[in-house]
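Reading through the structure tokens given below for one structure.
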Amino acid sequence: MKTKNVVKPECFQEVILNLQNYWADYGCLILQPYDMEVGAGTFHPATTLRSLGPNPWSAAYVQPCRRPTDGRYGDNPNRLQHYYQYQVILKPSPSDFQEVYLKSLEAIGIDKRYHDIRFVEDDWESPTLGASGLGWEVWCDGMEISQFTYFQQVCGIECNPVSGELTYGLERLAMYVLGVDHVMDMPFNRQGAAFSKTYGDVFKRLEAEYSRWNFDACDVEMTHRHFENAETACKEILSQPEIDAKLGRKNLMVHPAYDQCIKASHLFNLLDARGVISPIERAAMIGRVRALAKQCGEAFLASELEECPTNPDME
Amino acid sequence: MPDLLLEIYTEEIPSSMQKPLGEQLKSRVMDELKELKLEFGQATSYSTPQRTILLIEDLPWQSTQQTIETRGPRVGAPERAVSGFLKSQNRNFDDLETRIAGKTEYYFLTEVVPGSIVNEILQKSISSALARMSLPKSMFWGSGRTKWVRPIQSLLGILFDKEKTEIVPFQFAGLQAGDTTYGHRFMASGELSIDSFPDYRSKLLNAFVDIDPNSRKDRILGSIQSAINKDYSNLELVHDEELLEEIVGLVEWPVPIIGEIEESFQSLPEEVLKTTIKVHQKYLSVRNTNKGKITNFYAVANFLALDGGKSIIKGNQRVLASRLSDAQFFLNEDLNSLPSNLVEMTEALTKVRYSFGLGTQKDRVERIDSLAKRIAPIFSVKEKDASLAARLSKFDLVTNMVREFPELQGVMGKYYGLSRGIEPRICEAIEDHYLPAKVSDIVPENPISITVGLADRINHLVGFFLRKEIPTGLGDPNALRRAALGTIRLILDNKINGFGLRNIITFSVEEHFRVENQSDSNSRIELKTNTEEKEKTIEDIINFILRRYSIYLVEQGYDSEIVDACIFVPRNDDLFSIFNRIEALKSFLPTTSGTNLLHLDKRISKILLSLDSDKHDKPSEIASVLDPSLFSSSHEISLFEKYSLTLDMVSRKEVDDFLGKLQEVSKLRAEIDSYFDNVMIDVDDRKVKNNRLNLLANIRNMLASDFDLNLIANL
Numbered sequence: 001m002k003t004k005n006v007v008k009p010e011c012f013q014e015v016i017l018n019l020q021n022y023w024a025d026y027g028c029l030i031l032q033p034y035d036m037e038v039g040a041g042t043f044h045p046a047t048t049l050r051s052l053g054p055n056p057w058s059a060a061y062v063q064p065c066r067r068p069t070d071g072r073y074g075d076n077p078n079r080l081q082h083y084y085q086y087q088v089i090l091k092p093s094p095s096d097f098q099e100v101y102l103k104s105l106e107a108i109g110i111d112k113r114y115h116d117i118r119f120v121e122d123d124w125e126s127p128t129l130g131a132s133g134l135g136w137e138v139w140c141d142g143m144e145i146s147q148f149t150y151f152q153q154v155c156g157i158e159c160n161p162v163s164g165e166l167t168y169g170l171e172r173l174a175m176y177v178l179g180v181d182h183v184m185d186m187p188f189n190r191q192g193a194a195f196s197k198t199y200g201d202v203f204k205r206l207e208a209e210y211s212r213w214n215f216d217a218c219d220v221e222m223t224h225r226h227f228e229n230a231e232t233a234c235k236e237i238l239s240q241p242e243i244d245a246k247l248g249r250k251n252l253m254v255h256p257a258y259d260q261c262i263k264a265s266h267l268f269n270l271l272d273a274r275g276v277i278s279p280i281e282r283a284a285m286i287g288r289v290r291a292l293a294k295q296c297g298e299a300f301l302a303s304e305l306e307e308c309p310t311n312p313d314m315e
Numbered sequence: 001m002p003d004l005l006l007e008i009y010t011e012e013i014p015s016s017m018q019k020p021l022g023e024q025l026k027s028r029v030m031d032e033l034k035e036l037k038l039e040f041g042q043a044t045s046y047s048t049p050q051r052t053i054l055l056i057e058d059l060p061w062q063s064t065q066q067t068i069e070t071r072g073p074r075v076g077a078p079e080r081a082v083s084g085f086l087k088s089q090n091r092n093f094d095d096l097e098t099r100i101a102g103k104t105e106y107y108f109l110t111e112v113v114p115g116s117i118v119n120e121i122l123q124k125s126i127s128s129a130l131a132r133m134s135l136p137k138s139m140f141w142g143s144g145r146t147k148w149v150r151p152i153q154s155l156l157g158i159l160f161d162k163e164k165t166e167i168v169p170f171q172f173a174g175l176q177a178g179d180t181t182y183g184h185r186f187m188a189s190g191e192l193s194i195d196s197f198p199d200y201r202s203k204l205l206n207a208f209v210d211i212d213p214n215s216r217k218d219r220i221l222g223s224i225q226s227a228i229n230k231d232y233s234n235l236e237l238v239h240d241e242e243l244l245e246e247i248v249g250l251v252e253w254p255v256p257i258i259g260e261i262e263e264s265f266q267s268l269p270e271e272v273l274k275t276t277i278k279v280h281q282k283y284l285s286v287r288n289t290n291k292g293k294i295t296n297f298y299a300v301a302n303f304l305a306l307d308g309g310k311s312i313i314k315g316n317q318r319v320l321a322s323r324l325s326d327a328q329f330f331l332n333e334d335l336n337s338l339p340s341n342l343v344e345m346t347e348a349l350t351k352v353r354y355s356f357g358l359g360t361q362k363d364r365v366e367r368i369d370s371l372a373k374r375i376a377p378i379f380s381v382k383e384k385d386a387s388l389a390a391r392l393s394k395f396d397l398v399t400n401m402v403r404e405f406p407e408l409q410g411v412m413g414k415y416y417g418l419s420r421g422i423e424p425r426i427c428e429a430i431e432d433h434y435l436p437a438k439v440s441d442i443v444p445e446n447p448i449s450i451t452v453g454l455a456d457r458i459n460h461l462v463g464f465f466l467r468k469e470i471p472t473g474l475g476d477p478n479a480l481r482r483a484a485l486g487t488i489r490l491i492l493d494n495k496i497n498g499f500g501l502r503n504i505i506t507f508s509v510e511e512h513f514r515v516e517n518q519s520d521s522n523s524r525i526e527l528k529t530n531t532e533e534k535e536k537t538i539e540d541i542i543n544f545i546l547r548r549y550s551i552y553l554v555e556q557g558y559d560s561e562i563v564d565a566c567i568f569v570p571r572n573d574d575l576f577s578i579f580n581r582i583e584a585l586k587s588f589l590p591t592t593s594g595t596n597l598l599h600l601d602k603r604i605s606k607i608l609l610s611l612d613s614d615k616h617d618k619p620s621e622i623a624s625v626l627d628p629s630l631f632s633s634s635h636e637i638s639l640f641e642k643y644s645l646t647l648d649m650v651s652r653k654e655v656d657d658f659l660g661k662l663q664e665v666s667k668l669r670a671e672i673d674s675y676f677d678n679v680m681i682d683v684d685d686r687k688v689k690n691n692r693l694n695l696l697a698n699i700r701n702m703l704a705s706d707f708d709l710n711l712i713a714n715l
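This is the structure we're talking about:
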């Protein structure tokens, strides 16, 4: 891969654009965000489901993430209930994964000659997805700028081959690169142009609105009902006969089922932010979402292996 | 004689795993070589975040020749057998030799195996040693099916002496070893080819890698010290060995850079500062001796930056400032919102679970409270003080600070307690009832801390034992072993006599069945246990603690037989009394009296056991009231008289005068010996026989409640 001459980003969107270009040049599919509320980029089916089974895969995308409990009404310099992650998934993980990652930092203007970059032990786990992996958080001058993981298990299923996952917390990374102390002050696009906006111009009022909604207003009974509905729907979709009556052939509805699993996970996060879940219930609900994820993963794997029974590359 | 150098070059291995990994590699390879009877000298392992290194000195180039002998049929066996044997060995009749083995003459074939090339042996042994490693936390990567701590990038294996270097091309994880390695990730580029260990060491030093953890530590301390001497005479490094060890495993080329803590944060409680600096950022704290405060820190970078570290320290200061401003914010929130009567916080603890089936933290605190009140008199602590300290022991779990910085539990409790005017000794207990948690922790001496600490740990052990969540194997998810060890050290280090575990554990078990002690029935599982099971649980807990006690004392250098002879005595539950007995036995055994005692005890237990196995009455049934009228020989009468005298002496000794008791009983040796030499025990008259055995059993019983001398094997 050739390293292009990169332009040092001057605003939030240029950080994203540079990452997009870098990973496009590397050979990733540049996908778009998943159109559902998720807590992390990992939930995108392009990561969760595609990391299962033998088929090679490489993709990169921005994913808006919702973490209701992290809302601070837009006042905290770096805590947000809605923020962006940049997500990269490479399967199988390449042997020069770390090198490739380090070059992506140069692409967003981190000059390695001036900074102390470190891979610091961090074992990753997503209890709701039944997923875990080993890897690091990457520190730049003492600040965590990315999460770097070799998936070992997803949806309770062992990964073979292993996918490498990169997650950049975009706001935090951009604040660092741009030297901004409060996220709301960060230039969203280039400043000085006729139409220039800060991150706060775009998101400040949303943070305040959602914080109120997440913490106080969201109807607990209704949300609980939605959670139950999503769970039921997921199971029902998967229990349908494999043969599509109209097509007259197999047509497993894995992705529609997985959507309901994602939905259940987000609704659980909302209830958690409302502080209405007792510790016991909490563990039980996480277990219920994990059970859905497991069923979806198994269904995906079954249909994937059917389409591609043997893959000579993977022997 | 050549040396072997191995390097496994990987992606960053967690600091705490580096040394154990190197040590295990060393011992596995050594085991392989020993199995092959290959001689070698010194073996040393080194490590960096990216390297596991092994050096084995003084191997041969060639192994020595060996003669292998195979035995065939005996001489005179049918011809078919002999020819079959020759065929299977692919040899001729002329090769046969005959030799006598035992009483029979056999055919033999001998084969001289020439020495083989050590390089070839090593390739196999290293691969098999690597495959045999047991790695507690390991992973797959890419499409490979080999597990290691983190992905392996390359392997180096060379065998070298002054004249030449050979590659040892062993294979592992789909890679083959060569004679090259790489320098520092950011400060060197390209491959380095290596022909010896000195070459390896010096080329890597030139490429900014110091492979020796101790030398990296010296570099850090040296560089900090010289900077302080030169420029900052009023500063002083806060020494923290544990943190240094960790940092040494985070860098291949340590570059300490000093940073400043903003003035406004310098007045945060010192523990808060230290935690943020150490736990979150892994910086070394620096104290200003004029101000008496922590004002600076050292970040140890892995990199010599172009600008001398200006950007690095600027970045680190910014991260630290943002963390400290979080801490400041939460601290102020807590100070503003905590009630003036902190006991009210107990209600908030209903929100936090203790453990599944054991209720909330409020339930826990209430149980600790009643236990602490029960224990308090032993330490002359006022019941009211013990109770207040117990009820405040966990309230900080629901404060913002502890939710954000869990490692500050206890510390914040003390701080907030002081802010609300709680007596300092009680605040101290809120903080240090958690101690000792680690081996290096000090043991509190404040009686209130000891009271609450013991109550907390006993309650913890009892709860999980009742729930049957008992640690097996290596795992200890609920930290029960730590609770047991904490109990042991609190009692031992404070020399607490007369703390009967059985009594207090029984009380705690009953507490768990009191219905009113349940703030959240939702998170509590009905405990259904009958009296018999309760009894068993109580004994299980005591035995669990006693087993930890035995392990702990042996680690402290005590002889394991002496320890066990004093610990594993029925109904034993007073830890400090056990310790006194161990000290007594330890000083008594090497003396002549000690030899006498062991001698007589062995003789008695041998006969009791042998007659027992001979379907006679069991020794336990024998030890009962003696009937002096059945004695006939003068030897047994004299032994009986001496025994009665001794029994009287022993019973008049102080309960913990163990040395005195041992001394008294040992004096019976002469009488015992003449008894054995002159009295026939195994006679037909059952009554007489039992009475004779009975006398011996009674003698043995004089020490049975303090010692089990059977556990001492060697005279």
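From first to last, the protein sequence lines are chains A and B. If you read the first sequence in our numbering, its first letter stands for residue 1, the second for the next number, and so on. If you read the second sequence in our numbering, its first letter stands for residue 1, the second for the next number, and so on. We put the beta carbon where it would ideally sit given N, CA and C, even for glycine.
- G248 (chain A) places its beta carbon 8 Å or farther from that of I157 (chain A).
- Judged by their CB atoms, E304 (chain A) and G53 (chain A) are nearer to each other than the 8 Å cut-off.
- L546 (chain B) places its beta carbon less than 8 Å from that of I567 (chain B).
- For the segment 297-310 of chain B, the beta-carbon criterion of a distance under 7 Å to any beta-carbon of chain A is satisfied by A299, A301, N302, F303, A305, L306 and D307.
- For M143 (chain A), the chain B residues whose Cβ falls inside 7 Å of its Cβ are G315 and V319, in order along the chain.
- For I100 (chain B), the enclosing beta strand (DSSP E) stretches over residues E97 to A101.
- For K606 (chain B), the secondary structure class from DSSP, reduced to helix, strand or coil, is helix.
- Using a C-beta cut-off of 8 Å, the segment 269-289 of chain B makes contact with the segment 312-320 of chain B, since at least three inter-stretch Cβ pairs fall below that distance.
- Chain A has a Cβ within less than 8 Å of the Cβ of E11 (chain B).
- Among the residues facing chain B, F215 (chain A) is not included, as its CB has no counterpart in that chain under 8 Å away.
- With a cutoff of 8 Å on beta-carbon distance, M345 (chain B) and V149 (chain B) are scored as not near each other.
- In this structure I194 (chain B) does not touch D210 (chain B) by the C-beta definition: roughly 16 Å separates them, more than the 8 Å allowed.
- In this structure, DSSP gives L135 (chain B) a state outside helix and strand, which the three-state scheme calls coil.
- Within its own chain, the residues whose Cβ lies closer than 7 Å to the Cβ of L711 (chain B), once the five positions on either side in sequence are excluded, are E561, D564, A565 and F568, listed in chain order.
- As for any beta strand (DSSP E) of minimum length 3 sitting wholly inside the segment 48-107 of chain A, the runs are 57-66 and 82-91, ordered along the chain.
- Taking 8 Å as the CB threshold, M133 (chain B) stays off the interface with chain A.
- Among the bridge pairs identified by DSSP, N296 (chain B) is matched with B:E260 and B:V286.
- Secondary-structure assignment with DSSP links I117 (chain A) through a beta bridge to A:C140.
- Contact note: W141 (chain B) reaches chain A through S93, Y150 and V162, using a C-beta cutoff of 7 Å and chain order.
- Cα atoms of I117 (chain A) and G315 (chain B): separation of roughly 11 Å, rounded to the nearest angstrom.
- Classified as exposed, P628 (chain B) has fewer than 16 neighbouring CB atoms from the shown chains inside 10 Å of its CB.
- In the DSSP assignment, A43 (chain B) falls within the unbroken beta strand (DSSP E) covering A43 to T48.
- Excluding its 5 nearest sequence neighbours in each direction, N543 (chain B) has no C-beta neighbour in its own chain below 8 Å.
- Taking one beta carbon from each stretch, the segment 483-497 of chain B and the segment 432-444 of chain B have 3 or more pairs nearer than 8 Å; the two touch.
- Residue-level contact by beta carbon fails for R72 (chain A) and chain B, as no gap is shorter than 8 Å.
- In the structure shown, G169 (chain A) falls within a strand segment according to DSSP collapsed to helix, strand and coil.
- In this structure, S387 (chain B) lies near A372 (chain B), with their beta-carbon atoms less than 8 Å apart.
- Looking at the backbone, the Cα of L80 (chain A) and that of D244 (chain A) are separated by about 43 Å.
- For P14 (chain B), the C-beta contacts it makes with chain A under 8 Å involve E121, in order along the chain.
- Cβ-Cβ distances below 7 Å link V289 (chain A) to T128, C261, A264, S265 and F268 in the same chain, with the five nearest sequence neighbours on each side left out; the list follows chain order.
- Under the three-state reduction of DSSP, R514 (chain B) is assigned to coil, being neither helix nor strand.
- Between the alpha carbons of G76 (chain B) and D31 (chain B) lies a gap of roughly 43 Å.
- When DSSP assignments are scanned along the segment 540-599 of chain B, the uninterrupted stretches of alpha helix (DSSP H) that are 4 or more residues long and fall wholly within it turn out to be 560-567 and 575-588.
- In the pairwise beta carbon analysis, the segment 91-100 of chain A is classified as touching the segment 47-64 of chain A: at least three pairs are separated by under 8 Å.
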